[in-house]
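Note sheet for the following structure.
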Amino acid sequence: EKKETFKIMERRLFLYIMNPAMILSWIFGILLIHSIGLENFTYLWLQLKLVMVFFLTVYHFFLFLCLNNLSQNNSKYSPKFYRIINEIPTLLLIGIIFVVVFKPL
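By the numbering used here, the letter at position 68 of the sequence shown is numbered 93, and the numbering carries on one by one without gaps.
Have a look at this one:
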(Lines of atoms letter the chains of each structure in order from A and count residues from 1; the text may use other names and numbers.)
(Lines give C-alpha, C1' and ligand atoms only; values in the text may rest on other atoms or scores of the structure.)
Protein backbone atom coordinates (compact mmCIF):
# COMPACT_ATOMS: atom_id res chain seq x y z
CA GLU A 1 0.00 0.00 0.00
CA LYS A 2 2.86 2.37 0.81
CA LYS A 3 4.44 1.61 -2.57
CA GLU A 4 1.18 2.44 -4.36
CA THR A 5 1.01 5.78 -2.54
CA PHE A 6 4.50 6.64 -3.80
CA LYS A 7 3.53 5.70 -7.35
CA ILE A 8 0.53 8.01 -7.19
CA MET A 9 2.64 10.82 -5.73
CA GLU A 10 5.32 10.37 -8.41
CA ARG A 11 2.75 10.54 -11.19
CA ARG A 12 1.09 13.63 -9.67
CA LEU A 13 4.46 15.34 -9.28
CA PHE A 14 5.25 14.67 -12.92
CA LEU A 15 1.84 15.62 -14.32
CA TYR A 16 0.90 18.57 -12.12
CA ILE A 17 4.25 20.18 -11.33
CA MET A 18 6.96 19.07 -13.76
CA ASN A 19 4.91 19.16 -16.99
CA PRO A 20 3.40 22.61 -16.38
CA ALA A 21 6.82 23.96 -15.33
CA MET A 22 8.38 22.67 -18.55
CA ILE A 23 5.55 24.01 -20.70
CA LEU A 24 5.64 27.43 -19.04
CA SER A 25 9.43 27.55 -19.40
CA TRP A 26 9.15 26.94 -23.14
CA ILE A 27 6.32 29.47 -23.51
CA PHE A 28 8.22 32.20 -21.65
CA GLY A 29 11.42 31.31 -23.51
CA ILE A 30 9.69 31.63 -26.87
CA LEU A 31 8.14 34.94 -25.78
CA LEU A 32 11.56 36.18 -24.68
CA ILE A 33 13.12 35.21 -28.01
CA HIS A 34 10.26 36.96 -29.78
CA SER A 35 10.78 40.12 -27.72
CA ILE A 36 14.57 40.29 -28.16
CA GLY A 37 14.44 39.41 -31.85
CA LEU A 38 15.65 36.50 -33.91
CA GLU A 39 18.91 38.24 -34.81
CA ASN A 40 20.19 37.39 -31.32
CA PHE A 41 20.47 33.74 -32.36
CA THR A 42 23.91 34.61 -33.69
CA TYR A 43 25.21 34.79 -30.09
CA LEU A 44 26.92 31.57 -29.06
CA TRP A 45 25.78 31.89 -25.44
CA LEU A 46 22.13 31.84 -26.55
CA GLN A 47 22.73 28.84 -28.79
CA LEU A 48 24.41 26.99 -25.90
CA LYS A 49 21.52 27.84 -23.61
CA LEU A 50 18.99 26.53 -26.11
CA VAL A 51 20.96 23.29 -26.57
CA MET A 52 21.04 22.76 -22.79
CA VAL A 53 17.31 23.51 -22.48
CA PHE A 54 16.67 21.03 -25.30
CA PHE A 55 18.66 18.34 -23.43
CA LEU A 56 16.72 19.17 -20.26
CA THR A 57 13.49 18.62 -22.21
CA VAL A 58 14.74 15.29 -23.60
CA TYR A 59 15.72 14.32 -20.04
CA HIS A 60 12.18 15.21 -18.90
CA PHE A 61 10.64 12.80 -21.41
CA PHE A 62 13.19 10.12 -20.53
CA LEU A 63 12.07 10.43 -16.91
CA PHE A 64 8.47 9.96 -18.05
CA LEU A 65 9.48 6.64 -19.65
CA CYS A 66 11.29 5.66 -16.46
CA LEU A 67 8.23 6.57 -14.41
CA ASN A 68 6.03 4.36 -16.55
CA ASN A 69 8.49 1.48 -16.33
CA LEU A 70 8.75 1.84 -12.56
CA SER A 71 4.97 1.89 -12.19
CA GLN A 72 4.84 -1.45 -14.04
CA ASN A 73 7.75 -2.86 -11.99
CA ASN A 74 9.69 -3.11 -15.23
CA SER A 75 12.71 -0.88 -14.61
CA LYS A 76 15.79 -1.63 -16.70
CA TYR A 77 18.04 0.50 -14.52
CA SER A 78 19.65 0.10 -11.13
CA PRO A 79 19.10 2.40 -8.15
CA LYS A 80 22.67 3.64 -8.67
CA PHE A 81 21.77 4.71 -12.21
CA TYR A 82 18.86 6.77 -10.89
CA ARG A 83 21.07 8.40 -8.26
CA ILE A 84 23.56 9.39 -10.96
CA ILE A 85 21.03 10.75 -13.48
CA ASN A 86 19.42 12.69 -10.66
CA GLU A 87 22.35 15.12 -10.96
CA ILE A 88 21.80 15.88 -14.66
CA PRO A 89 19.25 18.69 -14.22
CA THR A 90 21.40 20.36 -11.58
CA LEU A 91 24.43 20.36 -13.87
CA LEU A 92 22.39 21.62 -16.83
CA LEU A 93 20.79 24.40 -14.78
CA ILE A 94 24.16 25.53 -13.44
CA GLY A 95 25.46 25.55 -17.02
CA ILE A 96 22.43 27.50 -18.26
CA ILE A 97 22.72 30.10 -15.51
CA PHE A 98 26.49 30.45 -16.02
CA VAL A 99 26.12 30.95 -19.77
CA VAL A 100 23.27 33.47 -19.41
CA VAL A 101 24.80 35.52 -16.58
CA PHE A 102 28.42 35.64 -17.72
CA LYS A 103 27.93 35.26 -21.50
CA PRO A 104 31.49 33.93 -21.81
CA LEU A 105 31.27 33.26 -25.54
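Every residue, glycine too, gets a C-beta built ideally from N, C-alpha and C.
Note that the structure is predicted; figures quoted are calculated from it, not measured.
| For the alpha helix (DSSP H) that contains residue 82, what are its first and last residues? | 69 to 96
| message | Between 51, 39, 52, 77, which has its C-alpha nearest residue 118's C-alpha? | response | 77
| said: Contact defined as beta carbons within less than 8 angstroms: I believe residue 39 pairs with residue 89. What is the distance between those atoms, to the nearest angstrom? | reply: 7 angstroms
| task | Evaluate the contact criterion for the region 107 to 122 versus the region 70 to 87: three or more CB pairs, one atom per stretch, below 8 angstroms. | result | yes
| query | If we count Cβ pairs, one from each stretch, closer than 8 angstroms, do we get three or more for the region 50 to 64 versus the region 86 to 103? | reply | no
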